[in-house]
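Below is one structure, written out as structure tokens, with a few remarks after it.
Protein chains in written order, with this note's numbering: chain A, 593 to 790; chain B, 885 to 1034.
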């Protein structure tokens, strides 16, 4: 089960509101490579995993991603505090505001609401771990792109932290492939799917 | 399981590779054991415990300087535990890393006890130690008021 801890993994303290930036960063809340999809991907994939290292790793990274979802929510919230009548008309944010006011809603920056179609659970060890490695890279690039678009140092500190986590997770998933492979048919890892075939 | 990793002369940024890497399987070198590690505060600033994995984007900026209060000190300890936990998930026989994990868990336990006694609950049941139900007290983690931070 899960128990809530009343603190963030990494501090989010954004002094200046910036609705334009919020309308971009929301993509890591509910976009195709965002933290919601990341946590649900890993926490859902773990059921089919046959080896304890993989069950543990998917549980632990999936849990950390829920913490990252909360950090992104905090960034969006703080960037849209106390907006003036003029600020809500900011190009790019006005279209969000009309539907959500300043609530935090899982959507891509493009306006497409969060979709389970942006993640995958295939029930095959090598396939799911390969998906996870790609997912970490996609999230890393999204954070690169946010850093290109943002000049707020309070935001960038947090984004750099989250981006670095994607790199560490990629490394761990890569190691997980090797741990899995060592337990599979050494001559042909595609001989069976140990998540299904007994 | 054949995951014993021989000590290698590689630098920290280099992982260990087997003699023949497999075809048609994604391949990432294993991080070697006894990798260099940051202190807990540096680890939180860099987003990783391991300098070998610290690969920033276009970073002209100096790393963050996050640790400024009691909460940040606790966050730094807990971050090292998360990072070591993931490392141990794929390196369960690394005794040195496990000993460090045990040390950090003990340090975190003490720091959390001191923190909750001073500033209030982190998990809901911590509120049982107060005279009243302090769980609801502002600020919640996503709130930030300048100057109002503990």
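Cβ atoms here follow ideal geometry from the backbone N, Cα and C, with glycine treated the same way.
Taking a C-beta cut-off of 8 Å against chain B, the contacting residues of the segment 734–749 of chain A are 735, 736, 739, 745, 748, 749, listed in chain order.
Shown here, residue 1009 (chain B) sits in a helix according to DSSP, grouped into three states.
Taking 8 Å as the upper bound for CB-CB distance, residue 633 (chain A) and residue 727 (chain A) are in contact here, some 6 Å apart. Under the three-state reduction of DSSP, residue 974 (chain B) is assigned to helix.
Contacts with chain B (Cβ-Cβ distance below 7 Å) from the segment 759–787 of chain A involve 759, 760, 763, 764, 766, 767, 768, 769, 770, 771, 773, 774, 775, 781, listed in chain order. For residue 722 (chain A), the neighbours in chain B by C-beta distance under 9 Å run, in chain order, 909, 910. Annotated three-state conformation of residue 914 (chain B) is strand, per DSSP. Interface with chain A (7 Å Cβ-Cβ cutoff): residue 973 (chain B) is included. Residue 780 (chain A) and residue 949 (chain B) have their alpha carbons spaced roughly 48 Å apart. Under the Cβ distance rule, residue 670 (chain A) counts among the residues neighbouring chain B, one pair being separated by less than 7 Å. Residues of the same chain with a CB within less than 6 Å of the CB of residue 645 (chain A), apart from the 5 flanking positions on each side, are 771 in chain order.
For residue 666 (chain A), the closest Cβ of chain B is nearer than 7 Å. Taking C-beta atoms under 8 Å as the contact rule, residue 927 (chain B) and residue 963 (chain B) qualify, at a distance of about 6 Å. Taking the Cα positions, residue 986 (chain B) is about 38 Å away from residue 907 (chain B). Of all residues in the segment 1002–1034 of chain B, only 1004, 1005, 1006, 1007, 1008, 1009, 1010, 1019, 1024, 1025, 1026, 1027, 1028, 1030, 1033 come within less than 9 Å of chain A when Cβ atoms are compared, listed by chain position. Three or more beta-carbon pairs separated by less than 8 Å link the segment 647–666 of chain A to the segment 967–985 of chain B, which places the two stretches in contact.
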